[in-house]
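Heads up: the structure comes next, in structure tokens.
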Amino acid sequence: MAVSVNKPVAPVSSRADWFTSYDVEAFEVPSGREEIWRFTPTKRLAGLHSGAAAGGSAQVDVDAAPEVVVESAERSDPRLGEAGTPADRIAAQAYSSFATATVVTVPKETTTSKPTTVTVTGPGAGVVAYGHLQVRAELFAEGVVVIDHRGSGVYADNVEFVLADSSKLTVVSIQDWADDAVHVSAHHAKLGRDSLLKHIVVTLGGDLVRISPTTAFAGPGGEVDMAGLYFADAGQHLEHRTFVDHAVPNCTSNVVYKGALQGDGAHTVWIGDVLIRAAAEGTQTYELNRNLVLTDGARADSVPNLEIETGEIAGAGHASATGRFDDEQLFYLQARGIPEDQARRLVVRGFFHELLMKIGVPEVRERLEAAIEAELEAVGV
């Protein structure tokens, strides 16, 4: 039976109050007892939290739309860091350790003719690497960027999305790593006036994956739609921490993350934070997390947080629920002659359908549908 949470949950500490810096030594080595690390098995981070030295490098390949500009940038490039500052030790370590950043720019008043795909291939089993990617959408630009992670290794990075006024950017970040991979990534988004960001995270592979997307509004009228889909197998730890900082008036945010779990030791974590500052009058926001537990031995943690510093808002709310199959849905399907195993698969497909339809790239959507089907076949659902 699903247990829903639809009332305010007081956060232990606001992410907005965290110290931010590019200096690794400004952050203590996490012990696992800190609020931002309490769900993360630090022993499985392969030394990223304590400053593991890079032993290799990830391969970054860009299949760009003809209109898009792709550059390599040194750490001294003034554009880097524009979207946000690292808020934890691993993000700071990644920022101070990458060799060369990749900058993808959609020029002003341009609509791209096809999606741009950035493929990041891990450095190899047991090898540590750091990276940095920035995606820029200039004034009145529109584009779609797919970030595809694959291969083996230990990888930490910062990913920036800088949206100029009246721009529109759709991002699909896919974590389809090999079973041994460790990936810790901080996503930083900065939205200009009347800009729109669709940010979709899909996490399927890896031993431990932790993604922390943060959105900040730099001008009124901005809108962000953050969606996430994850499927954890036995022994996997998949963690997503979203934060939306409403600091200016009349902006909108919508966060929807859904996950499925199966197998002994499968563990997912979703932490959702929304901060509405005193100046952010007219804010409209909602965050939702749903988890579907398919077998015994799996665990889902879900913590929605909502902080409001002004009463002059259009609307705000959040909800969270974790449960097994809906017996009524199964009964309905079986009563119409559908065998139980097929009925269970239909329920899971329906559970993810809303998020898959947000992915406007048909070949990516088809690939992910096939991956989910393979996950279900592996456990006999």
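Numbered by the numbering used here, the letters in the sequence shown go through residues 17 to 397 in order. Even glycine gets a Cβ: it sits at the ideal position worked out from N, Cα and C.
* Length-filtered (3 minimum) beta strand (DSSP E) runs lying within the region 206-290 -> 212-219, 224-233, 239-248, 253-262 and 268-277
* Asked: In three-state DSSP terms, what is Arg-315?
  -> strand
* Excluding sequence positions up to five away, which residues of its chain have a Cβ less than 6 angstroms from the Cβ of Arg-383? -> none
* Reducing DSSP to helix, strand and coil, say where Thr-128 ends up. => coil
* To do: Could you check if Lys-274 is buried or exposed, using at least 16 other CB atoms within 10 Å of its CB as the buried criterion?
  => buried
* Asked: What's the gap between the Cα of Glu-98 and the Cα of Leu-179?
  -> 11 angstroms
* Asked: Taking the alpha-carbon positions, what's the Arg-105 to Gly-169 distance?
  -> 19 angstroms
* Asked: Is the region 40-53 close to the region 77-86, with three or more CB pairs under 8 angstroms?
  -> no
* Residue from Glu-393, Val-377 and Gly-313 with nearest C-alpha to Asp-164 -> Val-377
* First and last residue of the uninterrupted alpha helix (DSSP H) at Val-78 -> Where Val-78 is concerned, there is no enclosing alpha helix (DSSP H), although the beta strand (DSSP E) it sits in stretches over 75-79.
* Asked: Taking the C-alpha atoms as reference points, what is the distance between Tyr-409 and Phe-43?
  -> The structure shown does not extend to residue 409, since the chain is modelled only from 17 through 397, so no value can be given for it.
* Asked: Based on Cα-Cα distance, which residue from Val-217, Asp-77, Ala-68 and Gln-109 lies nearest to Val-40?
  -> Gln-109
* Top-ranked residue by Cα proximity to Ile-375, from Asp-289, Phe-347, His-253 and Met-242 -> Met-242
* To do: Please name the residue in Thr-284, Gly-281 and Ala-296 whose C-alpha comes closest to that of Val-260.
  => Ala-296
* Mapping DSSP to helix, strand and coil, what is Arg-381? -> helix
* Asked: Where do the N-terminal and C-terminal ends of the beta strand (DSSP E) with Leu-308 fall, by residue?
  -> 300-309
* Indicate the three-state DSSP secondary structure (helix, strand or coil) for Val-86 in the structure shown. => strand
* Whole alpha helix (DSSP H) elements within the region 326-386, 4-residue minimum -> 343-350 and 356-372
* From Arg-361 to Gly-333, what does the alpha carbon distance come to, in whole angstroms? -> 31 angstroms
* Look up Thr-186 in the DSSP assignment and say whether it is helix, strand or coil. => strand
* Tell me where the beta strand (DSSP E) around Ala-197 begins and ends. => Here Ala-197 belongs to no beta strand (DSSP E), and DSSP marks it neither H nor E.
* Tell me, please, which residues DSSP counts as bridged to Arg-166. => Thr-137
* Asked: Just checking, does the region 119-130 make contact with the region 55-62 on the three C-beta pairs under 8 angstroms criterion?
  -> no
* According to DSSP, what are the bridge partners of Glu-323? -> Leu-291
* Helix, strand or coil: how does DSSP classify Leu-5 here? -> This structure cannot speak to residue 5, because the chain is shown only from 17 to 397.
* To do: Give the DSSP-derived three-state secondary structure of Arg-54 in the structure shown.
  => coil
* Mind checking Asp-77: buried by the 16 CB within 10 Å criterion, or exposed? -> exposed
* Asked: For Ala-234, which residues of its own chain have a beta-carbon under 8 angstroms away from its beta-carbon, when the five flanking residues on both sides are left out?
  -> Lys-206, Leu-207, Gly-208, Arg-209 and Val-264
* For Pro-229 versus Asn-266, is the C-beta distance shorter than 8 angstroms? -> no
* Leaving out the 5 sequence neighbours to the left and right, which residues in its chain are closer than 6 angstroms to Leu-224 when beta-carbon positions are compared? -> Arg-60, Val-198 and His-253
* Specify, as a first and last residue, the run of the alpha helix (DSSP H) that Tyr-111 falls within. => 105-113
* Using the Cα positions of Gly-67 and Ala-172, report the straight-line distance between them to the nearest angstrom. => 11 angstroms
* Quick one: what's Arg-177 bridged to in DSSP? -> One point to set straight first is that residue 177 is Phe, not Arg, in the sequence displayed. Phe-177 pairs with Val-151 and Ala-205.
* Mind the definition here: the region 136-147 touches the region 85-93 only if three or more C-beta pairs lie below 8 angstroms; say whether that holds. => no
* Asked: Who are the near neighbours of Ile-324 in its chain, counting only those whose CB is closer than 8 angstroms to its CB and skipping five residues on each side?
  -> Ile-292 and Ala-332
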